[in-house]
Amino acid sequence: MLKIKDLNVFYEGIQALRNITLEVNEGEIVTLIGANGAGKTSTLRAISGLIPFKSGEIYFQDKPLKSIPAHKLVALGIGHVPEGRKIFANLTVRENLELGAYLRKDKDGIKEDYEMIYEKFPRLKERINQMAGTLSGGEQQMLAMGRALMNRPKILLLDEPSMGLAPLVVKSIFDIIQEINKGGTTVLLVEQNAHMALSIAHRAYVLETGSIVLSGEASKLLQDDKVRSAYLGE
5 MLKIKDLNVF YEGIQALRNI TLEVNEGEIV TLIGANGAGK TSTLRAISGL
55 IPFKSGEIYF QDKPLKSIPA HKLVALGIGH VPEGRKIFAN LTVRENLELG
105 AYLRKDKDGI KEDYEMIYEK FPRLKERINQ MAGTLSGGEQ QMLAMGRALM
155 NRPKILLLDE PSMGLAPLVV KSIFDIIQEI NKGGTTVLLV EQNAHMALSI
205 AHRAYVLETG SIVLSGEASK LLQDDKVRSA YLGE
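Rendered as structure tokens:
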């Protein structure tokens, strides 16, 4: 579904990604793990067209993305929940969700999806008319995910969904990621909490200083001594 080949990205003359090659198959949860500054967020931002890449290729459903502007990628079925959530704080929960569906014209389908969001995130229903900026961190993360889902993405890019959240909320968010995936949405997950990410993913890539140094089945990487010592604190 998503293929990246020999991707190189530079920030102000510094190379952020070095010959990254990876793929995400339809129906998978694939996770990128690595330390801060490893290039995880840069990878997602390059896929979404938010940063240019110097060389290499990104294909989504066999279509090259390089010349497609970021705002048109949403219509192709790419949803991105950015690091830090980036909700519209001065709009209500409902208005944030409405913006997620701004490209759609199918009123009945949109209505169905509101109900789906409320079912997955009951707290959002309770706070539907509340200003988004007054929500807790966990609720804001749920809103950011709900907003992305309102466009019915084929692939969902999730950047650090557990950041700054209490352990119980983190577990709830990861349960929902699995539910979303089981419902048919492919997921590419960037996550600092390597243990949680590897425990729900099908496959994983390990990034270090802009390069992929390890890849394979998530369950096997969870048992890998190098991964355990570097990323799982064992």
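Numbering (the numbering used here), first residue to last: 5 to 238. Using N, Cα and C, we set each Cβ at its ideal position, and we do this for glycine too.
Buried or exposed for Met157, going by 16 or more other Cβ atoms inside 10 Å? A quick correction: the sequence has Pro, not Met, at residue 157. Buried.
Check your understanding: In the structure shown, what three-state DSSP assignment does Thr190 receive?
Key -> strand
query: If you count every other CB in all the chains shown that lies within 10 Å of the CB of Ser223, and 16 or more means buried, which is it?
result: exposed
- Task: Measure the C-alpha to C-alpha separation of Lys111 and Leu103 and round it to an integer number of angstroms.
- Result: 14 Å
Let's test the definition: count the other Cβ atoms within 10 Å of the Cβ of Gln65 and tell me whether it reaches 16, buried, or not, exposed. exposed
N-terminal and C-terminal residue of the alpha helix (DSSP H) that Glu195 is part of: Premise fails: Glu195 is in no alpha helix (DSSP H) and is neither H nor E.
With distances taken from CA atoms, which of Val78, Lys124, Leu226 and Glu130 is nearest Ile181? Lys124
Review point. Using DSSP with H/G/I as helix, E/B as strand and the rest coil, what is Asn185?
Key: helix
Practice item. Run the CB neighbour count on Ser46, radius 10 Å, all protein chains shown included, and call it buried at 16 or more, exposed below. Key: buried
Beta-bridge partners of Lys67, as assigned by DSSP: Phe64
Problem set entry | Coarse secondary structure for Arg98, derived from DSSP in three states | helix
Applying the 10 Å Cβ sphere with the 16-neighbour rule, what's the burial state of Leu56? The sequence given here has Pro at residue 56, not Leu. So Pro56 ends up on the exposed side.
| request: If I'm right that Leu218 touches Leu225 with Cβ under 8 Å, what's the distance once you round it to whole angstroms? | output: 7 Å
#### Entry: Rounded C-alpha distance that separates Leu153 from Tyr106
12 Å
>> Among the candidates Ile24, Thr190, Leu160 and Tyr235, whose CA atom is the shortest distance from the CA of Leu202?
In response: Tyr235
Ser176 by DSSP, collapsed to three states: which one? helix
Among the candidates Pro126, Leu6 and Glu87, whose CA atom is the shortest distance from the CA of Leu77? Leu6
task = Would you kindly report the start and end of the unbroken alpha helix (DSSP H) that includes Arg232?
result = Asp229 to Tyr235
Tell me which residues share the same chain as Ser52 and place their Cβ nearer than 7 Å to its Cβ, disregarding the 5 neighbours each side in the sequence. Ala74, Leu77, Ile82, His84 and Leu161
*asked:* In the DSSP output, what is Ile83 paired with across the bridge?
replied: Checking the sequence shown, residue 83 turns out to be Gly, not Ile. Looking at the DSSP assignment, Gly83 forms a beta bridge with Leu160.
Start and end of the alpha helix (DSSP H) containing Gly150?
-> Gly141 to Leu153
With burial defined as no fewer than 16 other Cβ atoms inside 10 Å of the residue's Cβ, what is the status of Glu183: buried or exposed? exposed
| Nearest-angstrom Cα separation, counted from Gln145 out to Ile132 | 15 Å
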